[in-house]
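Chemist: What follows is a single structure, and I will ask about it in a moment.
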Amino acid sequence: MWLILAGMVGVTYGIRLSFLVFGHGITFPHWLERALRYVPASVLTALVVPIALAPQGGIDLSWHNPYLPGTVTAMVVAWWSRQTLAAILCGFAVYGLWRWLVP
Amino acid sequence: MRPFFAGARDTFPMLVGAAPFGVIFGTLAIGAGLPVWLTLGLSAFVFAGSSQFVAVSLISGGAAAPVIWLTTLVVNLRHALYSATLLPYARPLPERWRWALAFWLTDETFAVVENQLRHHNHGRDGAHYWMGSSLAMYGNWQLWTVVGVWVGQSVPGLATLGLDFAMVATFAAIVALQLRERPVLCAALAAGTVALLARDLPYKLGLMLATMTGVSTGWVAEAWHNRGKASSEGQGSA
């Protein structure tokens, strides 16, 4: 665990130091700059999809899977309202109700 | 007003925005079974929200350390871009200032400070403004992490309450906000598909594979989209 933390600190601080402290004369390639814009959406989707569609390991698209309606609600509310917190709360409410009402 | 306090004041909306994520992070980490020292250590020493969330998910899923480091690298690589953008303003500062400001570099401080320095670059005052924004973000994040840890510890059996869903909802909401852009939509679809198909790979390697696929798909989709636009404009003028 110590090792995991130390490695994460090293990687993150190294990135932040890169230009501010060691960056005289280095330039950032344009293609990489463009590619980085797709990192957040890709990582977050890659984390969400397997949990929402296959919470027990196997793909479960039935109405017994409360993750699916909860996730869809969070996404739809975020899309329409642009309010992250409202979207999380609505998603959580649907997920909770679903677990409670659907066997 | 003193520049240090002006920097902290201008960062205030960001503090409010980060607060719920700090609480959710602390609560989730404890709920996922991370020890308190590791939860607080991630906020105190890594100090990068999205990579901290990803780390909780990976650590509780039993991922190998190199996979966690590599994912941290990919998730936080955008900070190199901020580091490069702010370099012209930091160049005149003493070395120890640059080491310190780099440690506290976040999305929020970058947004506030870059905007301020682009319009009013006052040398030493600019550095104090930057430091004010940095320390406000840092103190705020530690405070809300501690609150989250406290919530996580005082609600027993948090994991069985479906708290793992809170993280899914948080990520899904953040992604949904970005899907209006066509290349981002392509990136997300590709990453989601690969993540689903590769979910049984060991050490959570599927996450890396899915991220790489998503990023390259977004990149290609953007190039394709731009080319389409350029050629239709060309036809229009002909």
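Which chain is which? The protein sequence lines are U and Z, in order. The opening position of the first sequence corresponds to residue 1 in the working numbering, with each subsequent residue numbered one higher. The opening position of the second sequence corresponds to residue 1001 in the working numbering, with each subsequent residue numbered one higher. From the three backbone atoms N, C-alpha and C, an ideal C-beta is built for every residue, glycine too.
What residue does the alpha helix (DSSP H) around Z/Asn1076 start on, and which one ends it?
Modeler: The sequence position of residue 1076 of chain Z within the second sequence is 76, counting from 1. First-last of the alpha helix (DSSP H) with Z/Asn1076: 1065-1076.
Chemist: If you follow the alpha helix (DSSP H) that U/Ile59 is in, where does it begin and where does it stop?
Modeler: As a working note, residue 59 of chain U is residue 59 in the first sequence. First-last for U/Ile59: undefined, no H or E at that position.
Chemist: Within the same chain, show all residues whose beta-carbon is closer than 6 Å to that of Z/Gly1236, passing over the 5 residues directly before and after it, in chain order.
Modeler: For the purposes of this step, residue 1236 of chain Z is identified with residue 236 of the second sequence, where counting begins at 1. Note that Z/Gly1236 scores a pLDDT of 44, beneath 50, so its modelled location is shaky and nothing firm can be said.
Chemist: Leaving out the 5 sequence neighbours to the left and right, which residues in its chain are closer than 7 Å to U/Ala52 when beta-carbon positions are compared?
Modeler: On the first sequence, residue 52 of chain U is found 52 positions in, with the first residue counted as 1. The answer, listed in chain order, is Tyr67, Leu68, Thr71.
Chemist: Identify, in the order they occur along the chain, each residue of the same chain with its Cβ nearer than 7 Å to the Cβ of Z/Val1016, setting aside the five sequence neighbours on each side.
Modeler: As a working note, residue 1016 of chain Z is residue 16 in the second sequence. Here the set comprises nothing.
Chemist: Closer than 9 Å, Cβ to any Cβ of chain Z: which residues of the region 40-73 of chain U, in chain order?
Modeler: For the region 40-73 of chain U, which is checked against every Cβ of chain Z, the residues closer than 9 Å are Pro40, Ala41, Ser42, Val43, Leu44, Thr45, Ala46, Leu47, Val48, Val49, Pro50, Ile51, Ala52, Leu53, Ala54, Pro55, Gly57, Ile59, Pro66, Tyr67, Gly70, Thr71, Val72, Thr73.
Chemist: For Z/Ala1102, report the span of its alpha helix (DSSP H) as first-last.
Modeler: Residue 1102 of chain Z sits at position 102 when you count from the first residue of the second sequence. Its alpha helix (DSSP H) spans residues 1095-1103.
Chemist: Quick check on U/Trp80 - is its C-beta less than 7 Å from some C-beta in chain Z?
Modeler: The residue given as residue 80 of chain U occupies position 80 in the first sequence. Chain Z contact via Cβ: absent.
Chemist: Does the region 89-97 of chain U touch the region 1016-1029 of chain Z, meaning 3 or more C-beta pairs lie closer than 8 Å?
Modeler: No: fewer than three Cβ pairs fall under 8 Å.
Chemist: In three-state terms, what does DSSP make of Z/His1120?
Modeler: For this step, residue 1120 of chain Z is matched to residue 120 along the second sequence. In the structure shown, Z/His1120 sits in coil (DSSP, three-state: anything other than H, G, I, E or B).
Chemist: Give me the subset of the region 6-17 of chain U whose CB atoms are less than 7 Å from a CB atom of chain Z, sorted by chain position.
Modeler: Taking 7 Å as the Cβ-Cβ cut-off against chain Z, the residues of the region 6-17 of chain U that qualify are Gly7, Met8, Val9, Val11, Thr12, Tyr13, Ile15, Arg16, Leu17.
Chemist: Taking Cβ positions, are Z/Arg1078 and Z/Ala1090 nearer each other than 7 Å?
Modeler: Translated into the one-based positions of the second sequence, residue 1078 of chain Z becomes position 78. Translated into the one-based positions of the second sequence, residue 1090 of chain Z becomes position 90. Contact flag unset, no.
Chemist: With C-beta atoms as the reference, is Z/Val1220 less than 7 Å away from Z/Val1149?
Modeler: Numbered from its first residue, the second sequence carries residue 1220 of chain Z at position 220. Numbered from its first residue, the second sequence carries residue 1149 of chain Z at position 149. Result no, Cβ atoms of Z/Val1220 and Z/Val1149 do not sit closer than 7 Å.
Chemist: Who are the neighbours of Z/Gln1178 on chain U, taking C-beta pairs under 8 Å?
Modeler: Here the question's residue 1178 of chain Z lines up with position 178 in the second sequence. Under the 8 Å cutoff, chain U gives Pro40, Ala41.
Chemist: In whole angstroms, give me the CA-to-CA distance for Z/Ala1195 and Z/Val1074.
Modeler: Numbered from its first residue, the second sequence carries residue 1195 of chain Z at position 195. Numbered from its first residue, the second sequence carries residue 1074 of chain Z at position 74. Rounded to the nearest angstrom, the two C-alpha atoms are 16 Å apart.
Chemist: Comparing the C-beta of Z/Arg1096 with each C-beta of chain U, is any distance below 7 Å?
Modeler: Indexing the second sequence from 1 puts residue 1096 of chain Z at position 96. Not closer than 7 Å to any Cβ of chain U, the Cβ of Z/Arg1096 fails to qualify, so no.
Chemist: Ignore the nearest five residues each way along the sequence and tell me which others in Z/Leu1070's own chain have a CB closer than 8 Å to its CB.
Modeler: By 1-based counting over the second sequence, the position of residue 1070 of chain Z is 70. Met1208.
Chemist: Are the CB atoms of Z/Ala1169 and U/Gly91 within a distance shorter than 7 Å?
Modeler: Taking the first residue of the first sequence as 1, we reach residue 91 of chain U at position 91. Taking the first residue of the second sequence as 1, we reach residue 1169 of chain Z at position 169. Yes; because the gap between Cβ atoms is below 7 Å, this pair is in contact.
Chemist: Which of the three DSSP states is assigned to U/Gln50 in this structure?
Modeler: Sequence index remark: in the first sequence, residue 50 of chain U carries index 50 (1-based). Position check: residue 50 of chain U holds Pro in this sequence, whereas Gln was assumed. Helix at U/Pro50.
Chemist: Could you list which residues in chain B have their beta carbon closer than 7 Å to that of U/Leu85, in chain order?
Modeler: No chain B is present in this structure, whose protein chains are U and Z.
Chemist: Evaluate contact between the region 1180-1191 of chain Z and the region 11-18 of chain U, counting only Cβ atoms and requiring at least three cross-stretch pairs below 8 Å.
Modeler: In short, these stretches do not touch, since the Cβ pair count stays below three.
Chemist: Does U/Met1 pass the burial test, meaning 16 or more other C-beta atoms within 10 Å, or should it be called exposed?
Modeler: Along the first sequence, one-based indexing puts residue 1 of chain U at 1. Exposed, by the Cβ-count rule.
Chemist: Measure how close the beta-carbons of Z/Gln1116 and Z/Tyr1129 come, nearest whole angstrom, since I'm counting them as under 8 Å.
Modeler: Taking the second sequence and counting its residues from 1, the one referred to as residue 1116 of chain Z is at position 116. Taking the second sequence and counting its residues from 1, the one referred to as residue 1129 of chain Z is at position 129. So it is a contact: roughly 6 Å between Cβ atoms.
Chemist: Tell me the DSSP secondary structure of Z/Leu1034 in three-state form.
Modeler: Residue 1034 of chain Z sits at position 34 when you count from the first residue of the second sequence. Coil, per DSSP.
Chemist: Please work out which residues of its chain come closer than 7 Å, Cβ to Cβ, to Z/Ala1185, disregarding the five sequence neighbours upstream and downstream, and give them in chain order.
Modeler: In the second sequence, counting from the first residue as 1, residue 1185 of chain Z sits at position 185. The question names Ala, yet the displayed sequence has Leu at residue 1185 of chain Z. Same-chain partners within the cutoff: Leu1179.
Chemist: With distance defined between alpha-carbon atoms, name the residue in Z/Trp1224, Z/Ala1230, Z/Ala1210, Z/Asn1226 nearest to U/Leu47.
Modeler: Taking the first sequence and counting its residues from 1, one reaches residue 47 of chain U at position 47. Considering only alpha carbons, the answer is Z/Ala1210.
Chemist: Could you give the uninterrupted runs of the alpha helix (DSSP H) lying entirely in the region 1180-1224 of chain Z, keeping only those of 4 residues or more?
Modeler: DSSP runs (the alpha helix (DSSP H)) wholly in the region 1180-1224 of chain Z: 1182-1197.
Chemist: Would you mind reading off the limits of the alpha helix (DSSP H) that contains U/Gln83?
Modeler: Working through the first sequence from its first residue, we reach residue 83 of chain U at position 83. No alpha helix (DSSP H) contains U/Gln83, which DSSP labels as neither H nor E.
Chemist: Leaving out the 5 sequence neighbours to the left and right, which residues in its chain are closer than 8 Å to Z/Val1112 when beta-carbon positions are compared?
Modeler: Locating residue 1112 of chain Z in the second sequence gives position 112, counting from the first residue. The answer, listed in chain order, is Gly1007, Asp1010, Thr1011, Met1014, Ser1133.
Chemist: Grouping DSSP H, G and I as helix and E and B as strand, with all else coil, what is Z/Arg1091?
Modeler: Within the second sequence, residue 1091 of chain Z is the residue found at index 91, counting from 1. Of the three classes helix, strand and coil, the one that applies to Z/Arg1091 here is coil, per DSSP.
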